[in-house]
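S.K.: Using UniProt numbering, the first residue of the sequence shown is number 1, and each one after it goes up by one.
Glycine included, C-beta positions come from ideal geometry on N, C-alpha and C.
Quick one: the structure is below, and I'll ask about it shortly.
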Amino acid sequence: VVYEQDGVFIHPSCGKNDDQDSLIAGILRVIEKENEVVVDWRPLDETLDTSNILCAGKDSSSVVEWTQTPKEKCSRGADRPSSYEAEWDMVTTVSFKKKPHSNGDATTHANGESKWSFLFSLTDLKSIKQNKKGMGWSYLVFCLKDDVKLPALHFHRGDSKLLIKCLEKHVALDESPDHEQVLLVKTQKSLSQSFENLLDEPSYGLLQKLKRDPYTVTMGRFSKVTNYIFDSFRLSDPSHQRRPPSEMADFINDTIPGLKINQQEEPGFEVITRIDLGKQPEVSRREPVSAEEWAKNMDSEGRILDVDYIKRSIFKGGLCHTLRKEAWKFLLGYFPWNSSKEERANLQKRKTDEYFRMKLQWKSVSEEQEKRNSRLRDYRSLIEKDVNRTDRTNKFYEGEDNPGLILLHDILMTYCMYDFDLGYVQGMSDLLSPVLYVMENEVDAFWCFVSYMDQMHQNFEEQMQGMKTQLIQLSTLLRLLDSGFCSYLESQDSGYLYFCFRWLLIRFKREFSFQDILRLWEVMWTELPCQNFHLLLCCAILESEKQQIMDKHYDFNDILKHINELSMKIDVEYILCKAEAISMQMMNCKELPQAVSEILGIESSSVTPDSDTGEDESGAELSCPTSLYQSISTPVIAANGTRDSTQQMSETQSLTPA
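As structure tokens, this is what we get:
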């Protein structure tokens, strides 16, 4: 509740007989839900029980009886089992029927609520009429879309100024040019309306939502936003002239403080000048590591003999599915690479005890205790919502009362006990889902998830430092790779690469099919061939789409739409080949800027801190991790996915630049 005022009356007799006995006293509240802001008025004798909350429908008069239609509610509920706002189904299925003007008695229905009670979302607000002058009580009238007018609210204690101030935090109000007593809601270019239409979820403004919860906006398919959103960033004059890039920069910087990319030269950042990286080499991939190959690389005690060989092989081909349950524990750091089978068994026993001790902590919290622990309540509420919409088309999670969903819920709740400061943030269920699918074990999945979250932690922290850093680093890499494309993106107000936010936040989870994401993640977890390989994957995708974006002269809106529509259409093997080729291109460059070397974790004696692009006097070669390119005699799969069954070629041959 962000605003509450008692002594707010409805005068049912419309001024003809305003004696105290005929007035209906009530409480006016403005309530923030996760993705919704609502205005609620109800008589004093009613409680704020959400089961009683009703909503005005279209064409209602100022004297309305709101009634629910059970049949309608049931049918609508069945249509929206996975709704992001399922708890609001009751509100959106309320119907109404007009009532003739009564004598002003606040009659109640059988279920106890007054016919005068009302609630509406700010996304439905059209205008507010208020009295600024004259004697008597201050009053205002809410007018909803389709000219639905609600009963006038009279403020017997104070005035409506605080309410208006509160509402202005969530909607833009402008004085009507025709009536000074009327405040109009900007609806033509309303951010909230465009989100409601395009994202199928209620929202009360992009700027407010990005500031409060950028993850929700991002996970809610932010990149589907089209002209409605961009129009709101333009000037309001009829010519629809775009705001200058500097103002766009201010908007994004206000949303993510500290994020400043490409708009101006900044102290402490290199100016990346154009460098010829040479031709991208041809890259091939091999078959996945088989169970037989894995077993051959273990000694009698279960220790891996050649860790580097295994990592290189996984990077080049991934794992067959039967191996993932064991190999992922090494890749994620749950099992030490040099551990024996017995040591791993003892570790699992200890970790099992530790897990169930933490699980018991939240399981043993009584309802009374939870009432006094708002953070735990919030975590539980978010987790329950997200679990019910995570990978529900996958057989492992589909259907009601699915054991997989229960495990998903319990692991995320236990993680809140493990890291209570971070708790749960939307998007974390996307990271856990594939891990649990592979492990098929609650304890193992939890500890693998803990290790994965150690890598991803900064993405979900309140200050979003991890996301800021990655977007800046991605911009730096892309500018080196193709400065012309970067300049084009900037000319379309897309230089911030904000459309990559979801890619980075949950490591492409929503961009590839479920099986492809298993392959992509295990390749990234090898930490080869360099640091931040996931940023090179972003570069590979963007470079693949560059031609279409530039040839068709895509603007801000078109770019967002195009990038969003790539979801589930990207060839994972092709992108892995392309990203690896880009890494080789950069690591073979003798004039690599210092900033790029640091991003990729490459030590180079040929670059200078001020990014002088001249050759180093000593002529020193770039030092890069050559272990990846050591010979591995295996069948290979080309970028097009075909296998050469006869030719045995060395890894060195397949990776050497043309």
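If you compare alpha carbons, which of 288, 310 and 446 is closest to residue 337?
M.R.: Indexing the sequence shown from 1 puts residue 337 at position 337. Nearest option by C-alpha distance: 310.
S.K.: Anyone know if the C-beta pair for residue 517 and residue 403 falls short of 8 Å?
M.R.: For the purposes of this step, residue 517 is identified with residue 517 of the sequence shown, where counting begins at 1. For the purposes of this step, residue 403 is identified with residue 403 of the sequence shown, where counting begins at 1. Not closer than 8 Å, so no.
S.K.: Is the segment 282-296 in contact with the segment 575-594, if contact means three or more CB pairs nearer than 8 Å?
M.R.: In short, these stretches touch, since the Cβ pair count reaches three.
S.K.: Residue 358 and residue 439 - do their beta-carbons sit closer together than 8 Å?
M.R.: For the purposes of this step, residue 439 is taken as residue 439 along the sequence shown, with counting starting at 1. For the purposes of this step, residue 358 is taken as residue 358 along the sequence shown, with counting starting at 1. In this structure, residue 358 does not lie closer than 8 Å to residue 439 by Cβ.
S.K.: Could you check which residue in 477, 470, 119 and 410 has the C-alpha nearest to that of residue 360?
M.R.: Stepping through the sequence shown from its first residue, residue 360 is reached at position 360. When each option's Cα is compared against that of residue 360, the closest is 410.
S.K.: By a C-beta neighbour count over all protein chains shown, 10 Å radius and 16 as the cutoff for buried, is residue 305 buried or exposed?
M.R.: Taking the sequence shown and counting its residues from 1, the one referred to as residue 305 is at position 305. Classification of residue 305: exposed, given that the 10 Å Cβ count is below 16.
S.K.: When burial is assigned at 16 or more other CB atoms within 10 Å of the CB, is residue 329 buried or exposed?
M.R.: In the sequence shown, residue 329 corresponds to position 329, counting from 1. Buried is the call here.
S.K.: Looking at C-alpha atoms only, which residue of 419, 482 and 167 is the closest neighbour of residue 276?
M.R.: As a working note, residue 276 is residue 276 in the sequence shown. The residue with the shortest Cα to Cα distance from residue 276 is 482.
S.K.: May I have the straight-line CA-CA distance separating residue 129 from residue 120, to the nearest angstrom?
M.R.: Mapped onto the sequence shown, residue 129 falls at position 129. Mapped onto the sequence shown, residue 120 falls at position 120. So the two alpha carbons sit approximately 16 Å from each other.
S.K.: Based on DSSP bridge pairs, tell me the residues matched to residue 143.
M.R.: Counted from its first residue, the sequence shown places residue 143 at position 143. Beta-bridge pairing links residue 143 to 127 and 149.
S.K.: Near residue 521, which residues of its chain fall below 8 Å by C-beta distance, leaving aside the five closest residues on each side in sequence?
M.R.: Here residue 521 corresponds to residue number 521 of the sequence shown, with the count starting at 1. These residues qualify, in order along the chain: 434 and 507.
S.K.: Contact between the segment 463-477 and the segment 493-507 is defined here as three or more beta-carbon pairs at a separation below 8 Å; is this criterion met?
M.R.: Taking 8 Å as the limit for Cβ pairs, the verdict is that the segment 493-507 does touch the segment 463-477.
S.K.: In whole angstroms, give me the CA-to-CA distance for residue 39 and residue 182.
M.R.: By 1-based counting over the sequence shown, the position of residue 39 is 39. By 1-based counting over the sequence shown, the position of residue 182 is 182. Taking the straight line joining both Cα atoms gives about 18 Å.
S.K.: Are three or more beta carbon pairs between the segment 577-597 and the segment 538-553 nearer than 8 Å?
M.R.: The segment 577-597, when compared against the segment 538-553, does touch it at the 8 Å Cβ threshold.
S.K.: Is it right to say residue 179 is buried, meaning 16 or more other beta carbons lie within 10 angstroms of its own, or is it exposed?
M.R.: Taking the first residue of the sequence shown as 1, we reach residue 179 at position 179. It is exposed - the Cβ of residue 179 has fewer than 16 other Cβ atoms within 10 Å.
S.K.: Should residue 532 go down as buried or exposed, given a rule of 16 or more other Cβ atoms within 10 Å for buried?
M.R.: Your numbering for residue 532 matches position 532 in the sequence shown. Flag for residue 532 reads buried.
S.K.: Is it the case that the Cβ atoms of residue 334 and residue 160 are separated by a distance below 8 Å?
M.R.: Taking the sequence shown and counting its residues from 1, one reaches residue 334 at position 334. Taking the sequence shown and counting its residues from 1, one reaches residue 160 at position 160. Their beta carbons are not under 8 Å apart, which means residue 334 does not touch residue 160 by this criterion.
S.K.: How would you call residue 322, buried or exposed, if buried means at least 16 neighbouring beta carbons within 10 angstroms?
M.R.: Taking the sequence shown and counting its residues from 1, one reaches residue 322 at position 322. The residue is exposed, with fewer than 16 neighbouring Cβ atoms inside 10 Å.
S.K.: For the beta strand (DSSP E) containing residue 121, name the first residue and the last one.
M.R.: One-based indexing of the sequence shown puts residue 121 at position 121. 118-121 is the extent of the beta strand (DSSP E) around residue 121.
S.K.: Is residue 398 near residue 340, with beta carbons less than 8 Å apart?
M.R.: Residue numbering aside, residue 398 sits at position 398 when the sequence shown is read from its first letter. Residue numbering aside, residue 340 sits at position 340 when the sequence shown is read from its first letter. Contact: no.
S.K.: The beta strand (DSSP E) spanning residue 25 covers which residue range?
M.R.: Here residue 25 refers to the residue found at position 25 when the sequence shown is read from its first residue. Residue 25 -> beta strand (DSSP E) spans 24-32.
S.K.: If I measure Cβ to Cβ from residue 153 and keep anything under 7 Å in the same chain, skipping five residues before and after, which residues do I get?
M.R.: To locate residue 153, count along the sequence shown from 1; it is residue 153. Within the same chain, residue 153 has close Cβ partners 8, 10, 28, 41, 139 and 140.
S.K.: Rank 412, 151 and 384 by C-alpha distance to the C-alpha of residue 428 and give the top, closest one.
M.R.: The residue labelled residue 428 in the question sits at position 428 within the sequence shown. Residue 428 has its Cα closest to that of 412, out of 412, 151 and 384.
S.K.: Can you tell which of 32, 147 and 131 has the C-alpha that lies nearest to the C-alpha of residue 122?
M.R.: Within the sequence shown, residue 122 is the residue found at index 122, counting from 1. Measuring from the Cα of residue 122, the nearest candidate turns out to be 32.
S.K.: What's the gap between the Cα of residue 555 and the Cα of residue 561?
M.R.: Sequence index remark: in the sequence shown, residue 555 carries index 555 (1-based). Sequence index remark: in the sequence shown, residue 561 carries index 561 (1-based). Residue 555 and residue 561: Cα-Cα distance of roughly 10 Å.
S.K.: Taking the Cβ atom as the reference point for each residue, do residue 471 and residue 496 lie within a distance shorter than 8 Å?
M.R.: To locate residue 471, count along the sequence shown from 1; it is residue 471. To locate residue 496, count along the sequence shown from 1; it is residue 496. Taking 8 Å as the Cβ cut-off, residue 471 and residue 496 qualify as a contacting pair.
S.K.: Taking the straight line between their C-alpha atoms, what separation do you get for residue 570 and residue 6?
M.R.: For the purposes of this step, residue 570 is taken as residue 570 along the sequence shown, with counting starting at 1. For the purposes of this step, residue 6 is taken as residue 6 along the sequence shown, with counting starting at 1. Answer to the nearest angstrom: the Cα atoms are 56 Å apart.
S.K.: I'd like the list of long-range same chain contacts for residue 24, defined as Cβ closer than 7 Å, with 5 residues on each side in sequence excluded.
M.R.: Here the question's residue 24 lines up with position 24 in the sequence shown. Here the set comprises 9, 10, 12, 43, 106 and 116.
S.K.: I need the boundaries of the alpha helix (DSSP H) containing residue 344, first residue and last residue.
M.R.: Start at 1 with the first residue of the sequence shown, and residue 344 comes out as number 344. Counting along the chain, the alpha helix (DSSP H) containing residue 344 begins and ends at 341-363.
S.K.: Alpha carbons only, please: which of 281, 279, 312 and 278 is nearest the one belonging to residue 293?
M.R.: Working through the sequence shown from its first residue, we reach residue 293 at position 293. It is 312.
S.K.: Name the two residues that bound the continuous alpha helix (DSSP H) containing residue 470.
M.R.: Counting from one through the sequence shown, the residue named residue 470 turns up at place 470. Taken as a continuous stretch (DSSP letters only), the alpha helix (DSSP H) holding residue 470 covers 465-481.
S.K.: Going by the beta-carbon positions, is the gap between residue 449 and residue 415 smaller than 8 Å?
M.R.: Translated into the one-based positions of the sequence shown, residue 449 becomes position 449. Translated into the one-based positions of the sequence shown, residue 415 becomes position 415. Cβ atoms of residue 449 and residue 415: closer than 8 Å.
S.K.: Give me whichever residues DSSP pairs with residue 154 in a beta bridge.
M.R.: Taking the first residue of the sequence shown as 1, we reach residue 154 at position 154. Answer is 9 and 139.
S.K.: Let me confirm a value: residue 602 is counted as buried when at least 16 other C-beta atoms fall within 10 Å, else exposed. Which label applies?
M.R.: Residue 602 sits at position 602 when you count from the first residue of the sequence shown. Its Cβ being crowded by 16 or more others within 10 Å, residue 602 is buried.
S.K.: So, with DSSP's three-state summary, where would you put residue 554?
M.R.: Your numbering for residue 554 matches position 554 in the sequence shown. If DSSP states are grouped into helix, strand and coil, residue 554 belongs with coil.
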